[in-house]
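Each remark here refers to the structure printed beneath this line.
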Amino acid sequence: MPEVQETAPPFRILPKLTDWNRDFWTGGARDELRFWRCQDCKFYIHPPQPLCPTCLSKNMKTEAVSGRATVATFSVNHQPWMPGPELPFIVAIVEIVEQPSVRLTTNIVNCAPDDARIDMPVRVVFEHHPDPDGDIYIPLFTPVAGTGE
Amino acid sequence: MNENDIIERRACISGVGQSDIGRRLFRDPLELTLDGCLAAIEHAGLTTADIDGVSTYPGPMGTPAGFSGAGAYDVMDALRLNCGWYGSGLETSGQLGSVVNACLAVASGLATHVLCFRSVYEGSAQGEKGGRAAVMPGGGGGSFKASGFMEWHLPFSAPSAAIWIAMFAQRHFHRYGTTREQLAWIALNARRNAALNPNAIYRDPMSMDDYLAARMISSPFCLYDCDVPCDGATAVIVSRRDRAKDLRNPVLRVEAVGTRIDGRPSWDQFDDLSTMANRGAGKQLWERTEYKPADVQMAQLYDGFSFITMSWLEALGLCGIGESGPFIEGGTRIARDGQLPVNTHGGQLSAGRLHGYGFMHEGATQMWGQAGDRQIPTPPEVGIVAAGGGNTCGCFLLVRE
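For the record, the sequence lines run as chains A and B. Sequential numbering from 19 applies to the first sequence in the working numbering. Sequential numbering from 103 applies to the second sequence in the working numbering.
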């Protein structure tokens, strides 16, 4: 099963695509969560920047990771700041298993708000947003253990 | 460290002032700014001719609406100031980073009396649009596309610092067993103090039941954990300490400041999410003075969101790491007549989001014994003022001479 959700997505403010962020925001088309990685010291770099912060090499390219992550923290948001997912929804910071220092602010989906937990294992799912400037695949995360699924 | 290296000690706080403050005043923001500035200049015993420096946070900014009532140039021109030094900026050690900069300017001899100010009109600017408070720049929708650091927040429907700080709080709750019933005491203490502050926005009594019954914003934060947007300007005069004879108030020496950030300057990439950048600033402050946390008689600690005050208590060593929950529980220690009075004006939670400068105004006012009904019974000689949360934090240790 592809990990792209094809049901009508909620309103989202989409990112402005650049050469630096395109693979991150469009990798979901191939079911891939991609980050820049230093080819010399193998450090994953996020958000994108023009050189490796560890060894200062510019020898970088994007690579797909497993899409597995751990919830570092979260908040159940009840406030309608702007149009978006049905309230309440879960905002989380997740750490990718390949390198926990790489974090994403994201949403936990397919999970009841009361079931969200710190340290919960999650995996990426992509929310597809067709857009004239280039389709966007927003990486969201879902519990691995199947909570609420 | 050689005493001569701690050059902020050559500076003092010499006056403070505020404009009218209200939930929604619908007044010209530059007029409010100038009202606050002139009040502070007069309070210091100075005139506009004495002011030869200007410092402000953040400088001119169009968004978020009402976030910046005036820039340095606006005030310099309106008051026809000739300045040996001036500056503004968002990327500094918290809102009071602008006051740190002023201390360094007078210590280096570039200026003698620096007018520092922070001016907001978020109440008026955001009220008519339905109270979209604290939504950071870049919100919009439609054809708008997110870039910069908001690229990593807006697509996930997380536009507000309320959510970002809530996630720090949740991590602290998880790691240390902190509870909402503990967190509540930041809000309850603030409201109790605001009752004695005629300029506070919300002065009606609040009970624990009121707090726990409030609607949730972003867990663990309810409405009362979030500060209240308002209109108003606060100004602070920083002077050369060796010019004290020219000044009206007793010298409040800038004993030490803390500005350090260790770790990534980011809301979500910071290494330990149960701490904030303030851990570096707090540590640095104590490396620059012989005073110890036990000497502190008053702490005015930023509360843009309630948890930030708890975070500052820990970062400054005023309680142990992870122990701020038990420390504030019951609200006795942090009460106006407790062992460590905190946010004696009502903080931003009840006295209005004057954005950092309100804490400096209150700290100085208390140390000068000028706080009226809300005066700490014995005016503190040693006090902490700290502002900022997340990736932007700065703090002051002040000593009355």
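C-beta: ideal position from N, C-alpha, C; glycine also.
Under the rule that 16 or more other beta-carbon atoms within 10 Å means buried, what is residue i, buried or exposed?
i, result
"residue 70/A", "buried"
"residue 103/B", "exposed"
"residue 225/B", "buried"
"residue 176/B", "buried"
"residue 498/B", "buried"
"residue 56/B", "This structure cannot speak to residue 56/B, because chain B is shown only from 103 to 503."
"residue 306/B", "exposed"
"residue 77/A", "exposed"
"residue 11/A", "Summary: the structure shown does not reach residue 11/A, with chain A confined to residues 19 through 167, and so no result is reported for it."
"residue 128/B", "exposed"
"residue 111/B", "buried"
"residue 26/A", "exposed"
"residue 408/B", "buried"
"residue 291/B", "buried"
"residue 67/A", "exposed"
"residue 43/A", "buried"
"residue 59/A", "exposed"
Please tell me whether residue i and residue j are closer than 8 Å, where the distance is taken between their beta carbons.
i, j, result
"residue 116/B", "residue 339/B", "yes"
"residue 128/A", "residue 109/A", "no"
"residue 254/B", "residue 374/B", "no"
"residue 423/B", "residue 430/B", "no"
"residue 355/B", "residue 501/B", "yes"
"residue 65/A", "residue 154/A", "no"
"residue 200/B", "residue 158/B", "yes"
"residue 381/B", "residue 136/A", "no"
"residue 417/B", "residue 453/B", "no"
"residue 134/B", "residue 221/B", "yes"
"residue 326/B", "residue 313/B", "yes"
"residue 282/B", "residue 322/B", "yes"
Pick out whichever of the options has its Cα sitting closest to the Cα of residue i.
i, options, result
"residue 387/B", "202/B, 291/B, 187/B, 182/B", "202/B"
"residue 137/B", "143/B, 148/B, 121/B", "121/B"
"residue 280/B", "193/B, 316/B, 412/B, 327/B", "412/B"
"residue 195/B", "490/B, 264/B, 501/B", "490/B"
"residue 343/B", "114/B, 465/B, 309/B, 162/B", "114/B"
"residue 245/B", "159/A, 151/A, 55/A", "151/A"
"residue 472/B", "362/B, 447/B, 486/B", "447/B"
"residue 441/B", "460/B, 469/B, 397/B", "397/B"
"residue 160/B", "182/B, 171/B, 403/B", "171/B"
"residue 93/A", "296/B, 328/B, 320/B", "320/B"
"residue 215/B", "184/B, 249/B, 461/B, 198/B", "184/B"
"residue 130/A", "100/A, 161/A, 142/A", "161/A"
"residue 81/A", "38/A, 99/A, 101/A, 28/A", "38/A"
"residue 173/B", "152/B, 139/B, 150/B", "139/B"
If you draw a straight line from the C-alpha of residue i to the C-alpha of residue j, how long is it?
i, j, result
"residue 277/B", "residue 271/B", "10 Å"
"residue 126/B", "residue 132/B", "15 Å"
"residue 251/B", "residue 179/B", "33 Å"
"residue 89/A", "residue 52/A", "19 Å"
"residue 121/A", "residue 478/B", "44 Å"
"residue 166/B", "residue 467/B", "30 Å"
"residue 156/A", "residue 146/A", "7 Å"
"residue 358/B", "residue 492/B", "22 Å"
"residue 195/A", "residue 311/B", "Outside the displayed range of chain A (19 to 167) lies residue 195/A, so it cannot be described from this structure."
"residue 330/B", "residue 144/B", "28 Å"
"residue 298/B", "residue 379/B", "32 Å"
"residue 36/A", "residue 457/B", "34 Å"
"residue 104/A", "residue 480/B", "52 Å"
"residue 169/B", "residue 450/B", "15 Å"
"residue 487/B", "residue 495/B", "11 Å"
"residue 260/B", "residue 266/B", "8 Å"
"residue 132/A", "residue 118/A", "25 Å"
"residue 164/B", "residue 324/B", "28 Å"
"residue 86/A", "residue 421/B", "37 Å"
"residue 309/B", "residue 285/B", "13 Å"
"residue 223/B", "residue 197/B", "16 Å"
"residue 403/B", "residue 247/B", "36 Å"
"residue 234/B", "residue 192/B", "Low per-residue confidence applies at residue 234/B: pLDDT is 47, beneath 50, and the placement is therefore not dependable enough to give any value."
"residue 116/A", "residue 61/A", "10 Å"
Need the endpoints of the alpha helix (DSSP H) that residue i sits in, please.
i, result
"residue 207/B", "199 to 209"
"residue 387/B", "380 to 389"
"residue 433/B", "Per DSSP, residue 433/B belongs to no alpha helix (DSSP H) and is neither H nor E."
"residue 291/B", "282 to 296"
"residue 149/B", "Where residue 149/B is concerned, there is no enclosing alpha helix (DSSP H), given that its DSSP letter is neither H nor E."
Since residue i is in the beta strand (DSSP E), which residue starts that stretch and which ends it?
i, result
"residue 402/B", "401 to 403"
"residue 119/B", "113 to 120"
"residue 320/B", "318 to 320"
"residue 500/B", "496 to 502"
"residue 188/B", "187 to 190"
So is residue i in contact with chain E if we call contact Cβ pairs under 8 Å?
i, result
"residue 100/A", "No chain E appears in the structure shown, which is made up of the protein chains A and B."
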